[in-house]
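Asker: Have a look at this one.
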């Protein structure tokens, strides 16, 4: 079906016969009536709207709630492919935690000359307040959402590590829920590994990181910026499914050296705070003084072992795109093994040779801000107009250290359902990884984001992306 | 349970109840305008009074013209108690306390919001008004049904109910406050045709015209109406009924939390007052004064509940 042999299609590979993981699904699809499937597709939209799985788009005048479009064709991964990804993710996440511990303690990796000291010293994502702090259980990144892209049968690349506060896991769960409701017959034909116990796993994993001050069963709470945050649905969804309280900064204060929430019966201590608030806003006494989203003094309680903050403050340094370019070295340095998952080759524009190359090839590469996220502030060379490239060239020349560049990857495609039937669209994948002293836990599945516009490589929901259910098959 | 959540639940159900009250008030005004067009403007003014938004209305309009009043009560975002504002507030509170609600209650509240947003997207024409008013009440009934059918009977449920009955007691007391004069003996001794219509309007605005007849036959009397709305335990919008409900919800919390709060003392005093009251004594001592006292008690109780259960910082 894929007419464009330039891209690897996960249904057909480079040929025209379905690849093994898709065979059963393809047979089912062929026996289905297109009209019925299209009707199912609009049912799905209604389902999402009723459930309230919406997001708010920043910067839009009327903060209207929008749906992320959902496509009913699943993205399918074989168990063999998954186990390889699992090993790679496991290794990478272990390395990231070791790296974070190191740079906030002895900084061996800098002493060893494997990464330059400026990368840390001048980095706004590096929190001096975290130097020498021992997070409970030694865990920095309790939840990681590793962004992966695929370019061939065995070619997977890590695009971003998302060690800070990855979002999207509620879509992994609700997409599956929707598929189960719409196509129960499919799941009886094809054995798909379950994702539904993610909230239980999350709750267990967080509880296993309780701080020294915790006595008895750990009390977990989710900290949200509030109902106007774009990911509020997810925050309430996770709290609800974990049986945890959903708190805002205004519900919390320091009481007897603990972080406590205001309940109908007085203040009650929290042991583990799964925060969905950025570092900057976490503590007006220690970070941004104008923040009303955080808790004054929480960093002092944290340093004294009174609470676990997940993810730990300061983990954002691992998301820095300049740090990213060193990730293969980082993995090797801390695990003593070659990295299983590939990094996308990255030009650091802070380096004159690289900058020169990037400036010469702006129409071919993707340029990203080192601290950027969400697809904002980036240039996709092949899709950009001359005017956009010229404008970006100025920004880049003015502050080269603020940017990195990568080749435009030939992202794999998975079909979506269009009016005319199946049509290939580019996708990425965000599996969700839980880290606790007991180990690393990866839920078999994840969030597949899909660029709904033909030919587009941008999968971000804020820029016309949709989602799919992600199936990892049983062996 | 978070204090904020208790507050959110209470307000969610207050706003849902207010939404329903508004629809009943509009229905009464509309029916009056159809059957007694000469008194329409006065009745619309009374409706605005009972809704507590007359001042806000007069900031934007000069006369009590039907289409303007109806639009203000149904759709105007500048009116914090319009049906659309109420459902927005109810849903925002529901989002805030999402984790305390069953999935069904959340979904049906969200549905209610979507449906009313559609139904109230444009100015409602007279001919569509009865249908729209009935949608509002149906949607409310769905939320109430899901709440009863799917929520645990714990502190969460009790805070929801406190919101419903505080709001309902307040609404009934306000309607009486606005209309007490038509119940006063000087007029009601005779029971003219005009009185009958006025009295019927009172009963309609609490959705009780047929239940009153069912209990009392065709003879409407001022004393009978006042007794029905203030003291009758069978009437789900009477002051006595609502305050008893709030008391039983607070008693549950007292037991559950093993703490007796000032709000419990207060509500028990209100229960006793209503239980001991006789309707002729209320008239002897002044109906209006009695109602004003009840309104003050309700607002004091509301503030005490907020403090006792730490709704706010």
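Protein chains in written order, with the working numbering: chain A, 2 to 476; chain B, 198 to 510.
Backbone N, C-alpha and C define an ideal beta-carbon position, used for all residues, glycine too.
What does a CB cutoff of less than 6 Å around residue 449 (chain B) pick up in its chain, not counting 5 residues either side in sequence?
Answerer: 355, listed in sequence order.
Asker: Excluding five sequence neighbours on each side, which residues of the same chain lie with their C-beta closer than 7 Å to the C-beta of residue 169 (chain A)?
Answerer: Counting only Cβ-Cβ distances below 7 Å, and skipping sequence neighbours, we find 146, 431 and 448.
Asker: May I ask you to report which of helix, strand or coil DSSP gives residue 453 (chain B)?
Answerer: Helix.
Asker: So, does the CB of residue 266 (chain A) fall closer than 8 Å to a CB anywhere in chain D?
Answerer: You won't find chain D in this structure, because its protein chains are A and B.
Asker: Work out the CA separation of residue 223 (chain A) and residue 240 (chain A) for me, nearest whole Å.
Answerer: So the two alpha carbons sit approximately 6 Å from each other.
Asker: Tell me whether the beta-carbon of residue 425 (chain A) lies closer than 8 Å to the beta-carbon of residue 416 (chain A).
Answerer: Yes; because the gap between Cβ atoms is below 8 Å, this pair is in contact.
Asker: In this structure, what does DSSP give as the bridge partners for residue 348 (chain A)?
Answerer: Bridge partners of residue 348 (chain A): A:406.
Asker: By the 8 Å beta-carbon criterion, what residues does the stretch 265 to 289 of chain A contribute toward chain B?
Answerer: Cβ contacts with chain B come from 265, 266 and 267.
Asker: Should the stretch 74 to 88 of chain A be called in touch with the stretch 304 to 312 of chain A, which here means at least 3 C-beta pairs below 8 Å?
Answerer: Result no; under three Cβ-Cβ pairs closer than 8 Å.
Asker: Pick helix, strand or coil for residue 198 (chain B), following the three-state DSSP scheme.
Answerer: It is coil, neither helix nor strand.
Asker: Bridge partners for residue 262 (chain A) per DSSP, in chain order?
Answerer: DSSP, once it has assigned bridges, lists A:253 and A:269 as partnering residue 262 (chain A).
Asker: DSSP state of residue 3 (chain A), grouped into three classes?
Answerer: Here residue 3 (chain A) scores only 39 on pLDDT, less than 50, and its place in the model should not be relied on; the value that follows carries that caveat. DSSP places residue 3 (chain A) in coil when its eight states are reduced to three.
Asker: Secondary structure at residue 298 (chain B), three-state DSSP: helix, strand or coil?
Answerer: Residue 298 (chain B) falls in the coil class under three-state DSSP.
Asker: Using 8 Å as the cut-off, can you tell me whether the stretch 345 to 360 of chain B makes contact with the stretch 430 to 450 of chain B, which would need three or more C-beta pairs spanning the two stretches below that distance?
Answerer: They touch, by the three-pair rule.
Asker: Using the Cα positions of residue 410 (chain B) and residue 416 (chain B), report the straight-line distance between them to the nearest angstrom.
Answerer: C-alpha separation (whole angstroms): 8 Å.
Asker: Counting pairs of Cβ atoms below 8 Å between the stretch 216 to 224 of chain B and the stretch 320 to 336 of chain B, do you hit three or more?
Answerer: Yes: at least three Cβ pairs fall under 8 Å.
Asker: Can you list the beta strand (DSSP E) stretches of 3 or more residues lying completely in the stretch 132 to 161 of chain A, in chain order?
Answerer: Segments of the beta strand (DSSP E) lying fully in the stretch 132 to 161 of chain A: 144 to 146, 148 to 153 and 156 to 161.
Asker: Within the 8 Å Cβ cut-off, does residue 296 (chain B) reach chain A?
Answerer: Output row for residue 296 (chain B): interface = yes.
Asker: Once DSSP output is grouped into helix, strand and coil, what is the label at residue 347 (chain B)?
Answerer: The answer is helix: DSSP assigns residue 347 (chain B) an H, G or I state.
Asker: What residues in its chain sit with their C-beta under 6 Å from that of residue 89 (chain A), if we drop five residues either side in the sequence?
Answerer: The answer, listed in chain order, is 341 and 342.
Asker: To the nearest angstrom, how far is it from the Cα of residue 311 (chain B) to the Cα of residue 284 (chain B)?
Answerer: C-alpha separation (whole angstroms): 10 Å.
Asker: Taking only the alpha-carbon atoms, compute the straight-line gap between residue 463 (chain A) and residue 381 (chain A) and give it to the nearest angstrom.
Answerer: Taking the straight line joining both Cα atoms gives about 16 Å.
Asker: Would a check of beta-carbon distances place residue 454 (chain B) closer than 8 Å to chain A?
Answerer: Yes, because at least one Cβ of chain A sits closer than 8 Å to the Cβ of residue 454 (chain B).
Asker: Going by DSSP, which residues form a beta bridge with residue 72 (chain A)?
Answerer: Paired residues: A:469.
Asker: Considering just the uninterrupted stretch of the alpha helix (DSSP H) at residue 463 (chain B), what are its terminal residues?
Answerer: Residue 463 (chain B) -> alpha helix (DSSP H) spans 459 to 473.
Asker: When the cut-off is 8 Å and only beta carbons count, does residue 352 (chain B) lie next to chain A?
Answerer: Yes, residue 352 (chain B) lies at the interface with chain A (some Cβ there is under 8 Å from its Cβ).
Asker: Would residue 237 (chain A) count as contacting chain B if we go by Cβ distances under 8 Å?
Answerer: At least one chain B Cβ lies under 8 Å of residue 237 (chain A).
Asker: If you check the beta carbons only, do residue 120 (chain A) and residue 323 (chain A) fall under 8 Å apart?
Answerer: Going by C-beta atoms, residue 120 (chain A) is nearer than 8 Å to residue 323 (chain A).
Asker: Can you find a C-beta in chain A that's less than 8 Å from the C-beta of residue 273 (chain B)?
Answerer: Chain A, which has no Cβ nearer than 8 Å to the Cβ of residue 273 (chain B), makes this no.
Asker: Between the C-alpha atoms of residue 106 (chain A) and residue 185 (chain A), what's the straight-line distance to the nearest angstrom?
Answerer: Cα to Cα, the separation comes out at about 52 Å.
Asker: For residue 60 (chain A), decide whether its Cβ has a neighbour in chain B, counting only Cβ atoms nearer than 8 Å.
Answerer: Low per-residue confidence applies at residue 60 (chain A): pLDDT is 46, beneath 50, and the placement is therefore not dependable enough to give any value.
Asker: Please list, in chain order, the chain B residues whose beta carbon lies closer than 9 Å to that of residue 248 (chain A).
Answerer: Those within 9 Å of residue 248 (chain A) in chain B are 199 and 201.
Asker: Are any of the Cβ atoms in chain A nearer than 8 Å to that of residue 303 (chain B)?
Answerer: True, the Cβ-Cβ gap to chain A drops below 8 Å.
Asker: In or out: residue 364 (chain B) buried (at least 16 other Cβ within 10 Å) or exposed?
Answerer: Result: buried.
Asker: Distance check for residue 219 (chain A) and residue 273 (chain A), CA to CA, integer angstroms please.
Answerer: Roughly 7 Å separates the two Cα atoms.
Asker: Please list the partners that residue 212 (chain B) has in chain A, where partner means a Cβ-to-Cβ separation under 9 Å.
Answerer: Under the 9 Å cutoff, chain A gives no residues; its nearest Cβ is about 15 Å from residue 212 (chain B).
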